[in-house]
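Numbering (this note's numbering), first residue to last: 26 to 316.
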């Protein structure tokens, strides 16, 4: 049961106030986004949605028969040089929409028989998302809400999402900060992502699947990069130290995109042997592999 309308709205107001010297994510840009100053996420004030609709390319337990109701937000709080969605993550060309429109999109996805509302790259627009949820709940939103993020999250922001998010789906991209800085332009990635995952697990627990559909819980995605670049052992060690009931999706679909060709080590697809090595390593740490 989600908190009542007034309680959700109060959380949105708290998050908006934090945009005055923005610290919604660990970057803590400090820009006044309430005054439409642009942060590292490429957004100022407002909701920017690139597209939405049923998506059938997510994990099977999110897709089901009706699809995962994805909402792709423009901009991003990290800057991966190999981003496969760079056209929408690294610039904001879309027109701003109202919070009411975002709430109506959530209801529309439910009416389209999507199994969940899947918020893709929500971190930097979370204040408006929470406000939209408060409206959508009043209008009858009942399907699970999925928080589909990079893992680079602020604990204080996550704490305000407790009871609102049903399924957390963070990436765990890197096991060393130097690698995160080089390829995604962010500092202290490992500690922030570890703390965020721990908080997510505290809130929603193990992934719970009913009738082949996820209804609650947390799972992690890891995109395999060429040349074992991501300090894999550390990633899996950290996940398993929180709980071995956190499943991991080992993703094989890397291809050189955006600025990847400027980095020789990133300029090819992965080999089957590289994927199999990562898969086995996750199993060796006692983690369940999902797809």
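Glycine is no exception: its CB is placed at the ideal position from the N, C-alpha and C atoms. Values in this document were obtained by computation on a predicted structure and should not be read as measured data.
In angstroms with no decimal places, state the Cα-to-Cα distance between residue i and residue j.
| i | j | result |
| --- | --- | --- |
| residue 307 | residue 211 | 25 Å |
| residue 109 | residue 135 | 27 Å |
| residue 183 | residue 231 | 17 Å |
| residue 312 | residue 62 | 42 Å |
| residue 204 | residue 68 | 25 Å |
| residue 97 | residue 54 | 23 Å |
| residue 131 | residue 229 | 21 Å |
| residue 88 | residue 127 | 21 Å |
| residue 276 | residue 105 | 16 Å |
| residue 76 | residue 279 | 22 Å |
| residue 271 | residue 149 | 25 Å |
| residue 46 | residue 58 | 7 Å |
| residue 194 | residue 247 | 11 Å |
| residue 163 | residue 30 | 7 Å |
| residue 117 | residue 111 | 10 Å |
| residue 242 | residue 165 | 22 Å |
| residue 157 | residue 72 | 10 Å |
What does DSSP give as the partner residue(s) for residue i in the beta ladder?
| i | result |
| --- | --- |
| residue 300 | Partner(s): none; residue 300 has no beta bridge. |
| residue 235 | 238 |
| residue 196 | 246 |
| residue 98 | 74 |
| residue 172 | 144, 193 |
| residue 93 | 80 |
| residue 122 | 72 |
Thinking just about the alpha-carbon of each residue, which of the options is nearest to the one in residue i?
| i | options | result |
| --- | --- | --- |
| residue 310 | 295, 273, 77 | 273 |
| residue 197 | 86, 259, 35 | 259 |
| residue 186 | 216, 219, 227 | 227 |
| residue 252 | 240, 238, 299, 49 | 299 |
| residue 80 | 153, 164, 294, 139 | 139 |
| residue 257 | 83, 73, 173, 215 | 215 |
Using DSSP with H/G/I as helix, E/B as strand and the rest coil, what is residue i?
| i | result |
| --- | --- |
| residue 251 | helix |
| residue 129 | helix |
| residue 260 | helix |
| residue 140 | coil |
| residue 225 | helix |
| residue 273 | strand |
| residue 322 | The chain is shown only over 26 to 316; residue 322 falls outside these bounds and no answer can be derived. |
| residue 147 | coil |
| residue 295 | coil |
| residue 314 | strand |
| residue 177 | coil |
| residue 44 | coil |
Residue i: buried (16+ other C-beta within 10 angstroms of its C-beta) or exposed?
| i | result |
| --- | --- |
| residue 190 | buried |
| residue 99 | buried |
| residue 403 | Coverage of the chain is limited to positions 26 through 316, which leaves residue 403 absent and any answer about it impossible. |
| residue 222 | buried |
| residue 114 | buried |
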